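UniProt numbering numbers the first residue of the sequence shown as 1 and each following residue consecutively.
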Amino acid sequence: MTPQQINLVQQSWEQVVPIAKDAANLFYNKLFELDPSLRSLFSEDIEEQGKKLMTVLTTVVRGLKQLDKLTETVWLLGRRHNVYGVSQQHYTTVAAALLWTLEQGLGTAFTTQVKDAWVAAYTVLAQVMQAGASYEYASFDDWQAQQT
Numbered sequence: 001m002t003p004q005q006i007n008l009v010q011q012s013w014e015q016v017v018p019i020a021k022d023a024a025n026l027f028y029n030k031l032f033e034l035d036p037s038l039r040s041l042f043s044e045d046i047e048e049q050g051k052k053l054m055t056v057l058t059t060v061v062r063g064l065k066q067l068d069k070l071t072e073t074v075w076l077l078g079r080r081h082n083v084y085g086v087s088q089q090h091y092t093t094v095a096a097a098l099l100w101t102l103e104q105g106l107g108t109a110f111t112t113q114v115k116d117a118w119v120a121a122y123t124v125l126a127q128v129m130q131a132g133a134s135y136e137y138a139s140f141d142d143w144q145a146q147q148t
């Protein structure tokens, strides 16, 4: 990701934060519309899940300029999601639901440049999560040692 892309993601996310509850509802409604089988991976309290999602996204987005400090957390998040039954194909569905939600929430502020920046951010984060989910490496430290 370029510094400009990071800025675009961070600036656009700050516009979402005030409408986080509505954005979470939009996201999960779209996610379950795209793949109804995903509903079974979540607890009945989707509102609480939405709060967790928005908290995680806010933390990650605000930390993009120092992503190296978040990498282990993101990797472990992928490991945990694997335990919940999240598969590699679900990352594509989540990306589609996230981009759609951002488009709805940001309206005309969701420019091509903003979309491209979000695609870049999601790609980086999803790759780290998928590495954590793969169990190819026994631990984050093993994975990180292979990255250098």
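Beta carbons: idealized from backbone N, C-alpha and C, even for Gly. Just so we're clear, the structure is a prediction, and the values are computed from it rather than from any experiment.
Output the distance between the C-alpha atoms of residue i and residue j, rounded to the nearest integer angstrom.
i           : j       : result
Lys-52      : Gln-146 : 31 Å
residue 178 : Phe-27  : The structure shown does not extend to residue 178, since the chain spans only 1 to 148, so no value can be given for it.
Thr-59      : Thr-71  : 12 Å
Glu-33      : Glu-47  : 17 Å
Gln-11      : Ala-96  : 20 Å
Gln-88      : Gln-144 : 20 Å
Arg-80      : Gly-107 : 33 Å
Gln-67      : Val-17  : Correcting the residue type first, residue 67 is Leu in the shown sequence and not Gln. Cα-Cα distance, rounded: 20 Å.
Leu-99      : Thr-93  : 10 Å
Pro-36      : His-90  : 12 Å
Enumerate in chain order the residues of its own chain whose CB-to-CB distance from residue i is below 8 Å, with the five nearest sequence positions on each side excluded.
i           : result
residue 200 : Nothing can be reported for residue 200, as the shown portion of the chain is limited to 1 through 148.
Any chance the CB of residue i is under 6 Å from a heavy atom of the ligand FAD?
i      : result
Ser-43 : Ligands displayed in this structure: none; no statement on the ligand FAD is therefore possible.
Starting from residue i, trace the alpha helix (DSSP H) in both directions and tell me its first and last residue.
i       : result
Ile-46  : 46-62
Gly-132 : 112-134
Gln-104 : 88-106
Sorted by chain position, which residues of the same chain lie with C-beta nearer than 7 Å to residue i's C-beta, five sequence neighbours on each side aside?
i       : result
Leu-125 : Val-60, Val-74
Val-9   : Val-61, Leu-64, Ala-117, Trp-118, Ala-121
Thr-101 : Ala-23, Leu-26, Phe-27, Lys-30
Asp-142 : none
Lys-69  : Gly-63
Under 6 Å Cβ to Cβ from residue i, same chain only, skipping five residues before and after it: list those, please.
i           : result
Met-54      : Ala-20, Ala-24
Asn-82      : Ala-133
Gln-5       : Ala-117, Ala-120
residue 159 : Absent from the structure is residue 159, since the part of the chain shown begins at 1 and ends at 148.
Rounded to the nearest angstrom, how far is the Cβ of residue i from that of residue j, given a contact under 8 Å?
i      : j       : result
Gln-15 : Ala-109 : 6 Å
Tyr-84 : Leu-41  : 6 Å
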